[in-house]
Amino acid sequence: MKGTLLLLSLLVTGELGLRTREAGFSFYDIYGALVLGNKQLLNSILSKFDPTDKEREAFEKIQECYNEGGWKSKLLDLAVVESIVFSEECRQHFAEDKLKIINLYFLT
3 MKGTLLLLSL
13 LVTGELGLRT
23 REAGFSFYDI
33 YGALVLGNKQ
43 LLNSILSKFD
53 PTDKEREAFE
63 KIQECYNEGG
73 WKSKLLDLAV
83 VESIVFSEEC
93 RQHFAEDKLK
103 IINLYFLT
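Each number in the working numbering corresponds to the 1-based position in the sequence shown with 2 added.
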């Protein structure tokens, strides 16, 4: 799953040509849709970025992997993402205002 997250973040930041801050929120939108397993929601979010058919197909395959893993795998993966986002290294990297935005994003 860590490799999947790395691939996903690289696709969002690099291939889709977004700025870093925008890419962060876009990453969580797409990640949420992947974990929820709803293909319509995923396609709706991906449509914002005008993906190619191959990119859309790749995200659908990732979503299928999440669905095959079940909720236990999804929750374990979410715990990894949470530990990365709220790690000491991440806190040092981002200013306090950015962490507040992330907290608000998760709480709302």
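Glycine included, each C-beta is placed from N, C-alpha and C at the ideal position.
query	result
F27: which of K50, N40 and D79 sits nearest, CA to CA?	K50
Would you tell me roughly how many angstroms separate the C-alpha atoms of N105 and T54, rounded to the nearest one?	32 Å
Roughly how many angstroms lie between the CA atoms of A35 and E62, to the nearest whole one?	10 Å
Nearest to E70 by CA position, among I103, Y30, G39 and F108, is which residue?	G39
Going by DSSP, what residue range makes up the alpha helix (DSSP H) through F88?	Run containing F88: none; DSSP gives neither H nor E here.
Would you kindly check if the distance between the Cβ of K76 and the Cβ of V37 is under 8 Å?	yes
Taking only the alpha-carbon atoms, compute the straight-line gap between Y33 and L44 and give it to the nearest angstrom.	9 Å
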